Amino acid sequence: MRNPFGSSLPAYTTPRPVRAWRWIVGTLFILFSWLIGGSLLGLALLPYTGVDPLALFTTEDILGAMPSWGYLFFALITFVPLFLATLIAYRFILGIKLRYLFSTINEFRLWRVAMGFWVWIILVGGPALVSVAVGSEDYSFSFDPVTFLPYLIIALLLLPIQTTSEELFFRGWVIQWAARGSGNILWLAVLSGVLFSLPHLLNPEAAGDIVGAFFGYFSVGFALGWVTVRDRSLEVAIGAHLSNNLFAALVIGYEGGALPAEALYTTESLEWGASNLVSLLIIPLFIFFTRPGRPKASKHLQDTDAN
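Residue numbers (our numbering): 6 to 312.
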């Protein structure tokens, strides 16, 4: 197909055309697996968090009745069906080899995943850690090994699945589909930001400031979408998304969010206004500093090996 990016690089999409009905059926399969299958899986495993499933009908704050590790487990286990369904749909409904979901040009490189991880955590976590180090009163320290260690184990096991599954769907599946119509990097990054924002507006921290929350999540989705299309790969996005969520879950978090406030340092709430102003500086820096290793020539996986 014609390269819509105006360069010698192949488009960030499937290596051969896929009929529209396959994309539609695959998307419906993924969403059903995530929303319905994920909920059923969470309910099936709910007793292992120490909560009787019957309590759903008798307790108003079911998640508040769980231990913090159970809350995290219940929230993250629902992403396992999303992870598996996206892989299944890409391989068997689209009929494309899975490596093209992760990278349409080069072999998937773990060193670039690590680069995305560390660049993001330095840019985003660095200022917060400096604030803690100089004794800011906005943060409080707490550490209870009895509650934190089980929480740590669940976070290390399931957060990589949660963040990778979102990248596979939002930056892999969705953008590769959209890129068949238009390969403009700005359009695809905006689409990534909008679609990434919408489900996250259901998070508790968005309730007080929907507009601020939208732009907060939009900026993250935009940045991850931009580097994905630029690189024709999910390498950097997977690393950055994981570092963001691990940092928020384990190092510096806030009260009233989607994750339990079990981080070593916590603040009372997330101030979207200040956070979004910082993002205006961080996002361009993130895009700039993750340039090493990006593709510059037309060397790519062979289309003849796409099936």
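For each residue, glycine too, the CB sits at the ideal point set by N, CA and C. Here the structure is a predicted model, which is why all the values come from computation and not from measurement.
Going by DSSP in three states, residue i sits in which element: helix, strand or coil?
| i | result |
| --- | --- |
| Thr-309 | Note that Thr-309 scores 45 on pLDDT, short of 50, meaning its location in the model is unreliable; the coordinates nonetheless yield the value given after this. Three-state result, Thr-309: helix. |
| Phe-146 | strand |
| Ile-243 | helix |
| Ser-317 | Within the shown structure, residues of the chain are numbered from 6 to 312, placing residue 317 beyond reach of any answer. |
| Thr-169 | helix |
| Asn-8 | Residue placement at Asn-8 is poorly supported in this model, since its pLDDT is 48, which falls under 50; the coordinates still yield a value, given next. Note: Asn-8 maps to coil in three-state DSSP. |
| Ser-108 | strand |
| Tyr-17 | coil |
| Gly-258 | strand |
| Thr-54 | helix |
| Thr-271 | strand |
| Val-225 | helix |
| Pro-289 | helix |
| Met-71 | coil |
| Arg-176 | helix |
| Leu-77 | helix |
| Ile-101 | coil |
| Gly-94 | Residue 94 is actually Ala in this sequence, not Gly. Ala-94 falls in the helix class under three-state DSSP. |
| Thr-32 | helix |
| Leu-264 | coil |
| Gly-278 | helix |
To the nearest angstrom, how far is the alpha carbon of residue i from that of residue j?
| i | j | result |
| --- | --- | --- |
| Arg-117 | Ala-245 | 10 Å |
| Thr-295 | Trp-26 | 35 Å |
| Thr-91 | Thr-54 | 27 Å |
| Leu-46 | Ile-35 | 15 Å |
| Leu-269 | Leu-162 | 18 Å |
| Ile-110 | Leu-229 | 18 Å |
| Asp-236 | Phe-84 | 25 Å |
| Leu-173 | Glu-267 | 27 Å |
| Arg-299 | Thr-18 | 17 Å |
| Met-71 | Leu-48 | 13 Å |
| Ile-159 | Glu-273 | 23 Å |
| Gly-42 | Phe-148 | 35 Å |
| Asn-258 | Pro-209 | Just to set this straight, residue 258 is Gly in the shown sequence, not Asn. Straight-line Cα distance between these residues: approximately 14 Å. |
| Phe-37 | Ser-145 | 40 Å |
| Leu-290 | Val-232 | 12 Å |
| Leu-185 | Leu-264 | Checking the sequence shown, residue 185 turns out to be Arg, not Leu. If I take the Cα positions, the gap works out to 36 Å. |
| Gly-11 | Leu-275 | Below a pLDDT of 50, predicted positions are generally treated as unreliable, and Gly-11, at 44, falls in that range; the measurement from the model is reported next regardless. Going from the Cα of Gly-11 to the Cα of Leu-275 covers about 41 Å. |
| Leu-255 | Pro-150 | 13 Å |
| Val-56 | Leu-164 | 22 Å |
| Lys-301 | Ala-212 | 43 Å |
Going along the chain, which residues of its own chain have a beta-carbon closer than 8 Å to the beta-carbon of residue i, five neighbours each way excluded?
| i | result |
| --- | --- |
| Ile-29 | none |
| Leu-50 | Phe-78, Phe-79 and Ile-82 |
| Ile-127 | none |
| Leu-89 | Ser-38 |
Can you round the beta-carbon distance between residue i and residue j to whole angstroms, since I take them to be within the 8 Å contact cut?
| i | j | result |
| --- | --- | --- |
| Pro-155 | Trp-74 | 4 Å |
| Val-234 | Ile-190 | 5 Å |
| Val-129 | Phe-252 | 7 Å |
| Tyr-95 | Trp-178 | 7 Å |
| Leu-206 | Phe-219 | 6 Å |
| Phe-175 | Ser-202 | About 10 Å; that fails the 8 Å criterion. |
| Leu-239 | Phe-107 | 5 Å |
Using C-beta distances below 7 Å, list every residue in its chain close to residue i, excluding the 5 sequence neighbours before and after it, in chain order.
| i | result |
| --- | --- |
| Ile-342 | What is shown of the chain runs 6 to 312, which leaves residue 342 out entirely. |
| Pro-86 | Ser-38, Trp-39, Gly-42, Gly-43 and Leu-46 |
| Ala-183 | Leu-193 and Leu-196 |
So, for residue i: in the same chain, excluding its five sequence neighbours on each side, which residues have a beta-carbon less than 6 Å away from its beta-carbon?
| i | result |
| --- | --- |
| Asp-214 | Trp-277 |
| Ala-133 | Ile-257 |
| Asp-143 | Thr-272 |
When you measure from the CB of residue i to every non-hydrogen atom of the ligand MN, does any distance come out below 7 Å?
| i | result |
| --- | --- |
| Ala-211 | The ligand MN is absent from the structure shown, which contains no ligand whatsoever. |
* For the region 163-172 and the region 132-143, state whether three or more C-beta atom pairs, one from each stretch, are separated by less than 8 Å. => Too few Cβ pairs lie closer than 8 Å, so no.
* To do: Specify whether the region 100-112 and the region 277-287 touch according to this definition: at least 3 beta carbon pairs, one from each stretch, less than 8 Å apart.
  => Counting Cβ pairs under 8 Å, fewer than three are found: no touch.
* For the region 246-253 against the region 111-127, are there 3 or more C-beta pairs whose distance is under 8 Å? -> Cβ pair count under 8 Å is three or more, so yes.
* Taking contact to mean at least 3 C-beta pairs separated by less than 8 Å, is the region 185-198 in contact with the region 219-234? -> Counting Cβ pairs under 8 Å, three or more are found: they touch.
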